[in-house]
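Engineer: Going line by line, the protein sequences match chains A and B.
The first sequence begins at 35 in our numbering and counts up one residue at a time.
The second sequence begins at 29 in our numbering and counts up one residue at a time.
Think of the CB as a built atom: it goes at the ideal place given N, C-alpha and C, for glycine as much as any other residue.
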Amino acid sequence: GENVGLHLPTLSVQEGDNSIINCAYSNSASDYFIWYKQESGKGPQFIIDIRSNMDKRQGQRVTVLLNKTVKHLSLQIAATQPGDSAVYFCAESSPNDYKLSFGAGTTVTVRA
Amino acid sequence: SAVISQKPSRDICQRGTSLTIQCQVDSQVTMMFWYRQQPGQSLTLIATANQGSEATYESGFVIDKFPISRPNLTFSTLTVSNMSPEDSSIYLCSVGQGETQYFGPGTRLLVL
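See the structure below:
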């Protein structure tokens, strides 16, 4: 896949506030997107995914928004908790291609 | 999702030696992948491990350096050959379930 990048490498957020993590992608053919969370010393953990036929998808305390017009993906975390401190990666794939391309990652730090 | 384990979890190796990393899944899966994550960086796909045939390598990765085995649908190995300090990374296996990939905990390799 083509490059998938993140706008900001770090994000500091106050506990209890909402977090927004952004991702830009360049491959207009991408049709499937995933957000992963990677805590220190662990492998990436699946958070939520979205297909290109959707604009929004909600999970538990998380919402993913997809804007295909500007090729932008975001992850919103509601009521951020200390356990949300991690590196967050977006990843994308194209039709009939099971390979994922990963963005650079955003480090989220939650302040108590 | 599948439960994925990796061995070893970490290792310190001398340059010029080789290390074989094992990935075990608790259920049969068609797609298995190997990634490298250099310090502070994102994930880069090394290869797709194909059951019963040679792995499919991404640009910049070759079989002589990263030989891969996939003897069955629940197990794969990645060997990092003739190591140099530049090979110090986290090596991750993942399994594909549909278009989604789930990751193992990673193997943290330090080459001296």
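Roughly how many angstroms lie between the CA atoms of B/SER104 and B/SER97, to the nearest whole one?
Structural biologist: For the purposes of this step, residue 104 of chain B is identified with residue 76 of the second sequence, where counting begins at 1. For the purposes of this step, residue 97 of chain B is identified with residue 69 of the second sequence, where counting begins at 1. Answer to the nearest angstrom: the Cα atoms are 5 Å apart.
Engineer: How about A/GLY137 and A/VAL121: do their beta carbons lie closer than 7 Å?
Structural biologist: As a first step, residue 137 of chain A is located in the first sequence; it is residue number 103 there, counting from the start. As a first step, residue 121 of chain A is located in the first sequence; it is residue number 87 there, counting from the start. Cβ distance not < 7 Å, so A/GLY137 and A/VAL121 don't count as in contact.
Engineer: Which residues in the same chain have their Cβ closer than 8 Å to the Cβ of A/GLN79, if we skip the five residues on either side of it in sequence?
Structural biologist: Locating residue 79 of chain A in the first sequence gives position 45, counting from the first residue. For A/GLN79, where only same-chain residues beyond five positions count, the Cβ hits under 8 Å are TYR70, LYS71, GLN72, GLU73.
Engineer: Looking only at its own chain, which residues have a Cβ that is under 6 Å from the Cβ of A/LYS90, when we skip the five neighbours before and after it?
Structural biologist: One-based indexing of the first sequence puts residue 90 of chain A at position 56. Closer than 6 Å at Cβ, skipping near neighbours: LEU99.
Engineer: Identify every run of the alpha helix (DSSP H) within the segment 31 to 57 of chain B, keeping only runs that are complete inside it and at least 4 residues long; order them along the chain.
Structural biologist: List check, alpha helix (DSSP H) in window: nothing returned.
Engineer: According to DSSP, simplified to helix, strand and coil, what is B/GLU86?
Structural biologist: As a working mapping, residue 86 of chain B is identified with position 58 in the second sequence. Correct three-state label for B/GLU86: coil.
Engineer: At which residue ranges does the segment 41 to 84 of chain A contain complete beta strand (DSSP E) runs of 3 or more residues, listed in the order of the chain?
Structural biologist: Entirely contained in the segment 41 to 84 of chain A, the beta strand (DSSP E) runs reaching 3 residues are, in chain order, 44 to 48, 53 to 59, 66 to 72.
Engineer: With a threshold of 8 Å, are at least 3 pairs of Cβ atoms found where one atom belongs to the segment 79 to 93 of chain B and the other to the segment 104 to 113 of chain B?
Structural biologist: They touch, by the three-pair rule.
Engineer: Report the residues of the segment 50 to 74 of chain B with a CB closer than 7 Å to any CB of chain A, ordered along the chain.
Structural biologist: From the segment 50 to 74 of chain B, only MET59, SER70, LEU71, LEU73 have a Cβ closer than 7 Å to chain A.
Engineer: Nearest to B/ASN100 by CA position, among B/ASP54, B/ASP39, B/ALA75, B/THR45, is which residue?
Structural biologist: Within the second sequence, numbered from 1, the residue matching residue 100 of chain B stands at position 72. That would be B/ASP54, whose Cα lies nearest to the Cα of B/ASN100.
Engineer: Residues in the same chain with beta-carbon distance under 6 Å from B/SER33, minus the five sequence neighbours each way, listed in chain order, please.
Structural biologist: For the purposes of this step, residue 33 of chain B is taken as the residue at position 5 of the second sequence. So the qualifying residues of the chain are GLN52.
Engineer: Would you mind telling me which residues of chain E sit closer than 7 Å to B/PHE131, beta carbon to beta carbon, in chain order?
Structural biologist: Of the protein chains in this structure, namely A and B, none is chain E.
Engineer: Suppose only complete runs of 3+ residues qualify. What are the beta strand (DSSP E) ranges in the segment 89 to 132 of chain B, listed by chain order?
Structural biologist: Entirely contained in the segment 89 to 132 of chain B, the beta strand (DSSP E) runs reaching 3 residues are, in chain order, 96 to 100, 103 to 108, 117 to 125, 128 to 131.
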